[in-house]
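Each remark here refers to the structure printed beneath this line.
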Amino acid sequence: MSEPVVSEVKRETGSGTDLWRIIVSPTIWAVHFLASYVTVAVFCEKAGRAAALAPAEVAVIAYTAAALAGIGWSTWGLWRVRGRSLTDDDFEYEHNTPEERHRFLSHVALMLCLLSAVAVIYVAIPMLYLSSCR
Amino acid sequence: MGQRGTRPLIVTAACLVLVACNPTQSALHPAGDEAAGVAWLFWLMTGVGAAIWLIVIGITVYAVLGRRRPTTEWFADRFILVGGVAFPTVVLAALLVFGLSLLPSWTEDEAPDVRIHVRAEQFWWRVGYELPDGSVIETANEVHLPLGTTEFVLTSPDVIHSFWIPALGGKMDAIPGRTNVLRLTATRPGVYRGVCAEFCGTSHALMAFPVVVLGPEDFAAWLAGEALPASGEADIFIANGCGACHVVRGVSETGSVGPDLTHVASRSTIGAGTLANTAENLRRWIAAPDAVKPGVHMPAFAHLTDAELDALVRFLGGLR
Amino acid sequence: MANEVTPTAQAARLEATWARPPGWRMFSDVNNSAVGVWYAVAAFSFMMFAGALALIIRAQLAVPDNDLVSATTFNQLFSLHGTVMMFLFAVPVFEAVAIIVLPAMLGARDLPFPRLSAFGFWCFVIGGVFVCGSIFFDAAPDAGWFMYPPLSTEQSGIGADIWLLGLSFIEVASIAAAVELIVGVLKCRAPGMHINLTPLYGWYVLVVGGMILFAFPPLIAGDFLFELERAFDWPFFDVRRGGDPVLWQHLFWIFGHPEVYIIFLPAIALLAMIVPTFAQRPIAGYSWIVLSALGTGFLSFGLWVHHMFTTGLPAISLGFFSAASEAVAIPTGIQIFAFIATVMLGRVVRTVPMLFAIGALAIFIVGGLTGVMVAVAPFDFQVHDTYFIVAHLHYTLIGGMLFPVMAGIWYFYPFVTGRELRKHLGIWSFWLMFTGFNVAFLPMHLTGLLGMPRRVFTYGPERGWDWLNLMSTVGAFVLAAGFLLLVFDCVRPRRAAAPRNPWAAGTLEWLAPLPAPGYGLRAIPEVGSRYPLWDDETLSARIDRGEGLLADAEEGRRETLVTTVLDAKPLQVLRVGGPTWMPALAAAGLGGVFIFATWKLWLLVLVSGAFFLVVLLRWLWTGTAEIPEKETKDIGDGRRLPLHSAGPYSTGWWAMFITLTGDLTAFLSLVFGYFFFWTVHEDFPPSGIDGPGWQWPLASGLLVLGGWAATLAARFANARGAMRRARFLLAVGMLTGAGSIAALLAGPWLAGLDPTAHSYPAIVWALVAWIALHLAVGLLMQGYCIARSIFGRLTPRHDADLWNVTLYWHFTACCTLLTAIVIGGFPEAA
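Protein chains in written order, with the numbering used here: chain B, 297 to 430; chain S, 19 to 338; chain Z, 19 to 848.
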């Protein structure tokens, strides 16, 4: 095995991607989910079960776009970190420096952005197939 | 759906080997469109699921027991990525879409072939058939429907119940304060069985109902007969206060807190699917309903003499 | 002896400081090694009780038309089985294991709030005894473990109230656990244990701690409404007076679905520690697992309506929840694949824990697959409320929780007792359990599809379910036999001692000689990898010699280190509580409040409540925010750390923040209730009932702002040294706070709102009561600070009390303002 590359990246303790950052995208998913469900539920209850979903559909599509944009923005910020582990150039992140920790949390956050985006899309799929409040 | 014919055969075969099961209350012996769609999906998902389980556990057991060189990190990474991420994401999305396509429409623009109002009570079923002119013929504890689409309108005055005919399709809750609608499409004539499927109190287990699916003409004939009032020597019925709770149209229509008995003799069960409708069981029921069905709201009539019970049962037996 | 610095003297001082009190006084101990074991024993006792109930259920259902037990008894049996298993076993057992194992794993001496854990434990035991005992008086809850109204709210008898009682205790214990675990994992790790080096078990319990804060509070809110309906006839779920039973279902399942992940994740976390040990290599995909645990935790909150698929909600609503229910399988699956990858990459040592781990995966995956099936709503329409669901839930719970916990018991038994379990008994118990379980529950998938609903006390012979049920019964008894064999092995008298680190594991909890001593680690190591014992073979010997941090207990105080969140840099020496009866007494007081309320003995409720308050205040006064005798302390290696901190860096502030987050979620659930009623009613407020007006709520809001500002100003004044002014400001804060309460109550009172008339006045009064109670607690806190200041326990330098109280006021003021806007402003706008 080749010598592990320990680059001279100095990082302050405590700086960089933190725990709040990694939950930004899942939180966006949660807000999107709640907003979509509440909008549709209140709309259908008030408009009656025979109503067409169109107005609520517009709202949900808007939420979806906003959520994906938000997740995308978060992803972009994390993508710029794009660091592999300082020890073995993989995604295990076993080294014990603040820089390694920063890369680890950025990687976790990035993958969570992807998962959140997939989950947002999953939740929006029913809108494509159902068109009334029945 | 060409396999629809073979699935029930396989299940029946398995049943006969193992359990001699009764297909009248089985979701795996569909007699309706909704049940058929779900049964087919079930077999598909079971097959795929079993395959996935075998592969995953097979790999695990082999990894634990097998004498081999440990895998490379590259392979393990791919394993997690493909098996844990890519494959599920695609398969689950496909399953979601397919499942959405199976969601029934509970209210349709198209009118159903018949609309039946079901009021679920502790522990029986008030069943009302809506005629074309909007009037409702009330009966209880047994459901007749024609081939084709039936719309059930479900309510409850007391607690949450759930209306379920497994052979025809999924269930729908009857929730106090709400009116829920369930559509089922029956495709095979026969006698099936429905149950209450939400715990509703002491005798929740004893709240069932026979379901009779008839051809359209047979159903129309049955409904016409059901609409007719009863007749008979009703003194014993009224004298003992039965009329305070039970309606027998044409004879006693004072109280309707309990099940309608106008054509009770034509039903196959009494006590909401609990006992076969025989004279012996009727006697047993009237004398001590609580012994048959704990928590039932009907009071016991243990004070009746044998002669009185005989007369009552004879009267009820005449209510076809 | 007192001031010698030799390793022997140090060790002796540590030993003495952390020693268990002798005799019956040992129950006043709060050390995690004691409390955790009691917690585990209690949880398993309740579990065996619930298991016995299940065996009676299975005996009744073994043959058709059976009359072994009556319908009423049967209904209590299944309700209690579910309630006890879910609330008195599944959640407490994870708390118990975490309390035992987590500190040592993280390189700490104890959790940051040992007395809080003890308090949680005593609450749990008191509640559990009551709930389990009820069946012997024919008074057990009998409407299922989720007790749907209107059946449960309108039935006579005390069962529903006992159920609420038990739940109240568990809710308290769970919030306490969330506080402990979040603060413990984030702030009490060994120096150098950067967050990417934290054991996966730590990550998992952190996620679960966070989930508890958002899952349990909706249940707390629901229970609050349920209790108000049972005790005072406020019609939240009574349709005749504007209530709606579906509100309960929402509140319960917003709790109930994440709850099962709260149960599952900490158990899988055990596998994350066990599998690497026996694969003899680090876990594969550490970052995958971390992100999956987080992802599962979040996504699990989007599933709850899948328990309500048959309630007649619009298809689009069902579609959202179907989608999320499918989505959650992705991160769940990733974790499993990561464990399997670890096995593939390693050379597996065949041990009993590994056997249970593989068995767990085999069983859980079936449950996960049937879960994916029932996530498809149309399929669920058929199998909901049938034995198919009984099969699904047992496959996921037993595969996802029980079997991993069995593996954990086997694995950590030497850690706790210093002895090993017998391998051949372990193998026997595994195969009995595995076979018995599958024989019992696999047929249930078919039984359900053949039409057998849940919760039926009998079935007819013509149904054709005889053989299936008989098989399930036989399997259940075999499962029980296997479990009892394990219990026997755990309790029978011992023989040989276990060697040190018997599994050759790599994480810190195996550093100590076995059984682990009361003080945990002889000295706190500096950590540089995920598997310190594997990467540094000299570590054990060095720590034994005391060559680490905090190797002594010179002042005779129990201490552990507080470090920074991300990079675990040492921040503070935290002095944690020692043996005391306060937690047990407080639990007894609080217990009295709940228990006497069940029987509506209001005077005794007040007396118990007063007793609880007295104990609590004494506990706080004597045991928290203490001013240390010196500013800093030498922790070894030439470093000095402060002994005190206040504000956002202090563990006490964190505890307050975490508790208030849970409290906020409960409050928001009540607000959700208000808007739920608005959604389902044409007119809300209903015509004929006026709202409380906007004037009184406005006054209340303004007054609370005053109280809040005064409290905040008091903290600033105190910090600047103006202690008299601070006390004065606190007094002003108390007055305005009291005014706020009065104004808030005046609104509905003067408008003549009768909470028994309709759900609208009921929910308004419920919100008002909640806030009034919280404001009253706020007043108590302000008064407490005044007293602390007068007696010199609150100074400009040491002002932790004020920081925590102002934090409380931030939350409470916001909630008060929101309440004022909702009850005062919304009726005007609507």
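Note that CB positions come from ideal geometry on N, CA and C, so glycine has one too.
task: Tell me, please, whether the CB atom of L342(S) is closer than 7 angstroms to any CB atom in chain B?
output: The structure shown does not extend to residue 342(S), since chain S is modelled only from 19 to 338, so the question has no answer here.
message: Since A196(Z) and L231(Z) should fall inside the 8 angstroms C-beta cutoff, what is the C-beta to C-beta distance between them, to a whole number of angstroms?
response: On the third sequence, position 178 is the one that residue 196(Z) refers to. On the third sequence, position 213 is the one that residue 231(Z) refers to. The pair is a contact, with the Cβ atoms about 6 angstroms apart (cut-off 8 angstroms).
- prompt: Any chance the stretch 810–818 of chain Z sits against the stretch 691–705 of chain Z, with 3 or more Cβ pairs inside 8 angstroms?
  reply: no
task: Mind reading off the beta-carbon distance from A239(Z) to S687(Z)? Whole number of angstroms is fine, and I expect it under 8 angstroms.
output: Numbered from its first residue, the third sequence carries residue 239(Z) at position 221. Numbered from its first residue, the third sequence carries residue 687(Z) at position 669. Their Cβ separation, rounded to whole angstroms, is 4 angstroms, which keeps A239(Z) and S687(Z) in contact under 8 angstroms.
message: Using the three-state DSSP reduction, which class does P228(S) fall into: helix, strand or coil?
response: Mapped onto the second sequence, residue 228(S) falls at position 210. Secondary structure at P228(S): strand, using DSSP grouped into helix, strand and coil.
- request: Return the chain-ordered ranges of every alpha helix (DSSP H) run that is complete within the stretch 156–201 of chain Z and spans a minimum of 4 residues.
  value: 169–172
- prompt: Going straight from the alpha carbon of L723(Z) to that of I759(Z), what length do you get?
  reply: Taking the third sequence and counting its residues from 1, the one referred to as residue 723(Z) is at position 705. Taking the third sequence and counting its residues from 1, the one referred to as residue 759(Z) is at position 741. Cα-Cα distance, rounded: 12 angstroms.
message: Can you find the residues in the same chain that come closer than 6 angstroms, C-beta to C-beta, to L748(Z), ignoring five residues on each side of it along the sequence?
response: Here residue 748(Z) refers to the residue found at position 730 of the third sequence. The beta carbon of L748(Z) sits closer than 6 angstroms to those of A732, Q800, C803 and I804, all from its chain and outside the five residues before and after it, given in chain order.
query: Are E452(B) and Y389(B) closer than 7 angstroms when you measure CB to CB?
result: This structure cannot speak to residue 452(B), because chain B is shown only from 297 to 430.
query: Does DSSP put Q49(Z) in a helix, a strand or coil?
result: Walking along the third sequence from the start, residue 49(Z) turns up at place 31. Contrary to the premise, residue 49(Z) reads as Asn rather than Gln in this sequence. It is coil, neither helix nor strand.
message: Please give the ranges of any beta strand (DSSP E) in the stretch 563–638 of chain Z, keeping only runs that are unbroken, at least 3 residues long and fully inside the region.
response: Counting only runs of 3 or more, we get 577–581 and 588–593.
query: Nearest CA to the CA of R560(Z): which residue from E544(Z), G210(Z) and R575(Z)?
result: Translated into positions along the third sequence, residue 560(Z) becomes position 542. Out of E544(Z), G210(Z) and R575(Z), E544(Z) has the C-alpha closest to the C-alpha of R560(Z).
field: Identity of the residues DSSP links to Y692(Z) by a beta bridge
entry: As a working mapping, residue 692(Z) is identified with position 674 in the third sequence. Paired residues: none, contrary to the question.
message: Assuming E647(Z) is part of the alpha helix (DSSP H), what are its boundary residues?
response: By 1-based counting over the third sequence, the position of residue 647(Z) is 629. No alpha helix (DSSP H) holds E647(Z); DSSP gives it neither H nor E.
message: Determine whether the beta carbon atoms of F448(Z) and F374(Z) lie at a separation below 7 angstroms.
response: What you label residue 448(Z) is simply residue 430 of the third sequence in a count that begins at 1. What you label residue 374(Z) is simply residue 356 of the third sequence in a count that begins at 1. Against a cut-off of 7 angstroms, the Cβ pair of F374(Z) and F448(Z) comes out as a contact.
- prompt: Mind checking if P703(Z) is an interface residue toward chain B, Cβ cutoff 7 angstroms exclusive?
  reply: Working through the third sequence from its first residue, we reach residue 703(Z) at position 685. It does not: the Cβ of P703(Z) has no partner Cβ on chain B nearer than 7 angstroms.
Element boundaries [beta strand (DSSP E), containing E139(S)]: Mapped onto the second sequence, residue 139(S) falls at position 121. Where E139(S) is concerned, the enclosing beta strand (DSSP E) stretches over V132 to E139.
- request: Quick one: using the 10 Å Cβ neighbour count with 16 as the cut-off for buried, is A794(Z) buried or exposed?
  value: The count along the third sequence starts at 1 and reaches residue 794(Z) at position 776. Classification of A794(Z): exposed, given that the 10 Å Cβ count is below 16.
message: Taking 7 angstroms as the threshold (C-beta atoms), are G162(Z) and F217(S) in contact?
response: If you number the second sequence from 1, residue 217(S) lands on position 199. If you number the third sequence from 1, residue 162(Z) lands on position 144. Yes, they are a contact pair.
Alpha-carbon spacing of V154(S) relative to L241(S), whole angstroms: Indexing the second sequence from 1 puts residue 154(S) at position 136. Indexing the second sequence from 1 puts residue 241(S) at position 223. Looking at the two C-alpha atoms, the distance is approximately 11 angstroms.
query: At which residue ranges does the stretch 742–788 of chain Z contain complete beta strand (DSSP E) runs of 3 or more residues, listed in the order of the chain?
result: none
field: In DSSP terms, what T677(Z) is bridged to
entry: Indexing the third sequence from 1 puts residue 677(Z) at position 659. Paired residue(s): none; T677(Z) is not in a bridge.
field: Exposure of E480(Z), with buried meaning 16 or more beta-carbon neighbours within 10 Å
entry: Sequence index remark: in the third sequence, residue 480(Z) carries index 462 (1-based). Exposed, by the Cβ-count rule.
query: To which residues does DSSP link E148(S) through a beta bridge?
result: Taking the second sequence and counting its residues from 1, the one referred to as residue 148(S) is at position 130. Partner(s): R133(S) and V154(S).
- prompt: Going by the beta-carbon positions, is the gap between P294(Z) and T360(Z) smaller than 7 angstroms?
  reply: Counting from one through the third sequence, the residue named residue 294(Z) turns up at place 276. Counting from one through the third sequence, the residue named residue 360(Z) turns up at place 342. Yes, they are a contact pair.
- prompt: Counting only beta-carbon atoms, is T78(S) nearer than 7 angstroms to chain Z?
  reply: Residue numbering aside, residue 78(S) sits at position 60 when the second sequence is read from its first letter. With 7 angstroms as the cut-off, T78(S) counts as an interface residue toward chain Z.
- request: Below 8 angstroms on the Cβ atoms is my guess for W36(Z) versus Y537(Z); work out the distance and round it to an integer in Å.
  value: If you number the third sequence from 1, residue 36(Z) lands on position 18. If you number the third sequence from 1, residue 537(Z) lands on position 519. That belief holds up - the Cβ atoms of W36(Z) and Y537(Z) are roughly 4 angstroms apart, short of 8 angstroms.
message: Excluding the 5 residues flanking P300(Z) on each side, which residues of the same chain have their C-beta closer than 7 angstroms to its C-beta?
response: Sequence index remark: in the third sequence, residue 300(Z) carries index 282 (1-based). Cβ neighbours of P300(Z) beyond the five flanking positions: P294, R548 and Y549.
query: Does the separation of the CB atoms of S221(S) and G313(S) fall below 7 angstroms?
result: As a first step, residue 221(S) is located in the second sequence; it is residue number 203 there, counting from the start. As a first step, residue 313(S) is located in the second sequence; it is residue number 295 there, counting from the start. Yes; because the gap between Cβ atoms is below 7 angstroms, this pair is in contact.
task: Put M12(Z) into one of helix, strand or coil per three-state DSSP.
output: The structure shown does not extend to residue 12(Z), since chain Z is modelled only from 19 to 848, so the question has no answer here.
field: C150(Z) vs A605(Z) beta-carbon contact at 7 angstroms
entry: Within the third sequence, numbered from 1, the residue matching residue 150(Z) stands at position 132. Within the third sequence, numbered from 1, the residue matching residue 605(Z) stands at position 587. No, they are not a contact pair.
- prompt: Exposed or buried, Q43(S), counting other C-beta atoms within 10 Å across all chains shown (16 or more means buried)?
  reply: Locating residue 43(S) in the second sequence gives position 25, where the first residue counts as 1. Its Cβ being crowded by 16 or more others within 10 Å, Q43(S) is buried.
message: With a threshold of 6 angstroms on Cβ separation, who are the neighbours of W684(Z) within its own chain once the five nearest residues in sequence on each side are excluded?
response: The residue labelled residue 684(Z) in the question sits at position 666 within the third sequence. In the sequence on display, residue 684(Z) carries Ala and not Trp. Answer for A684(Z): P235, I238 and A239, listed in chain order.
message: When you compare the CB positions of S807(Z) and A761(Z), do they come within less than 7 angstroms of one another, or not?
response: Numbered from its first residue, the third sequence carries residue 807(Z) at position 789. Numbered from its first residue, the third sequence carries residue 761(Z) at position 743. No; because the gap between Cβ atoms is not below 7 angstroms, this pair is not in contact.
task: Could you work out which residue in L321(Z), L763(Z), L730(Z) and R745(Z) is closest to V823(Z) when comparing CA atoms only?
output: Counted from its first residue, the third sequence places residue 823(Z) at position 805. Taking V823(Z) as reference, the option from L321(Z), L763(Z), L730(Z) and R745(Z) with the minimal CA-CA separation is L730(Z).
- prompt: According to DSSP, is R345(B) helix, strand or coil?
  reply: Start at 1 with the first residue of the first sequence, and residue 345(B) comes out as number 49. Correct three-state label for R345(B): coil.
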